[in-house]
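Peer 1: Counting from 92, one number per residue, gives the positions in the sequence shown under the working numbering.
Note that beta-carbon positions come from the ideal geometry of N, C-alpha and C, so glycine has one too.
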Amino acid sequence: MSVQEIKVNYSGADPTAFGVLGLAMICLLSSTAKLGFTDQHATGLLVVWAGILGGIVQIMAAKIDFQKGNVLGGTALGAFGFFWVGMAFSWATMNGMFGPLMKAAVDPKMLGFVFMGYLIFSVFTTLAALEVNVPFTVLFLFIDVLFFSLTAISFNLGPVPVLAELAGWSELAVSIVGFYYSAAIFYKNFYGREILPLGKPLNIIKKSAPATESDQRKRFSA
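1) For the alpha helix (DSSP H) containing G177, list its first residue and its last residue.
2) Output needed for F238: all residues of its chain with C-beta closer than 6 Å, excluding positions within five of it in sequence on either side, in chain order.
3) Quick one: which unbroken alpha helix (DSSP H) runs of 4-plus residues sit fully inside the segment 190–266? Chain order, please.
4) Can you tell me where the alpha helix (DSSP H) with F157 in it begins and where it stops?
5) Count the other C-beta atoms from every protein chain shown that fall within 10 angstroms of the C-beta of A220, then say buried if there are 16 or more, exposed otherwise.
6) Less than 7 Å between C-beta atoms, sequence neighbours within five positions excluded: which residues of the same chain meet that for A255?
7) Using CA atoms only, rank isn't needed, just tell me which of A196, A104, V268 and P250 is closest to L289.
8) Between which residues of its own chain and T129 is the CB-CB distance below 6 Å, once the five residues before and five after are set aside?
9) Report, in whole angstroms, the separation of the C-beta atoms of T134 and I276, which I expect to be a contact under 8 Å.
10) According to DSSP, simplified to helix, strand and coil, what is I83?
11) N294: which of T217, W260 and A179 sits nearest, CA to CA?
12) Judging by CA-CA distance, which residue of G164, T242 and V138 is the nearest neighbour of M201?
13) Beta carbon of G146, beta carbon of A179: below 8 Å?
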């Protein structure tokens, strides 16, 4: 018996610059609240922009990345996209937008476990980011610091004012590096060559060579 394998090639553009731009924009906006540039309790606009820039934009880019076979890009953008959708609904709930009963039934420590889970996720995806390029790796390292500080704040695992500063500046750093990376990928795809330096993969964990067509035929035949 044999199983026929059908390949569908995606011929559209690379969505990375678009998706990372959404991440950079929402992190810029969110960091202003953490650093005191805007009112940290006035999260009404954050709900809107987190849902659009953090959520919809990144999830759209993730879908295209998966169609292109980019597992890391699709997984990272999709996971962070749904994170920001969750944050938008969390802020809306805590602000009473879904009514007083929902607001009263909130345990903020639950967000701590969300941050912890995303810290675990960001750490193991950082290992994969090492094999992409320098800005992508730096981006994930700052994301690691951000989720570490948010987790520590949620469970009072240290001086909260210091951790809050760390969270704010690391999120701003995510935004700055994200803007750079988005521009670098945009220019590379538009001009067909590297304009802003991306650096080389560190090649700490070597990837296996792609399977040949004969290997794939053997896998799907019996």
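Peer 2: Quick answer:
1) Residues V162 to M185.
2) Short of 6 Å from the beta carbon of F238, and not among the five residues preceding or following it, lie these beta carbons of its own chain, in chain order: F206, Y209, L210 and S213.
3) Runs found: 191–195, 200–220 and 225–245.
4) It spans Q149 to K159 - the alpha helix (DSSP H) in which F157 sits, taken as one unbroken run.
5) Buried: at least 16 other Cβ atoms inside 10 Å.
6) Sequence-distant Cβ neighbours of A255 in its own chain, meaning closer than 7 Å and more than five residues away, are K125 and I244.
7) Of the listed residues, the one whose Cα sits closest to L289 is V268.
8) Excluding sequence neighbours, T129 sits near T123.
9) About 30 Å separates the CB atoms of T134 and I276; that is not less than 8 Å, and the two are not in contact.
10) Since the first residue shown for the chain is 92 and the last is 313, residue 83 is missing from the structure and cannot be characterised.
11) For the residues T217, W260 and A179, the minimum Cα distance to N294 belongs to T217.
12) Out of G164, T242 and V138, T242 has the C-alpha closest to the C-alpha of M201.
13) Using a Cβ distance threshold of 8 Å, G146 and A179 count as a contacting pair.
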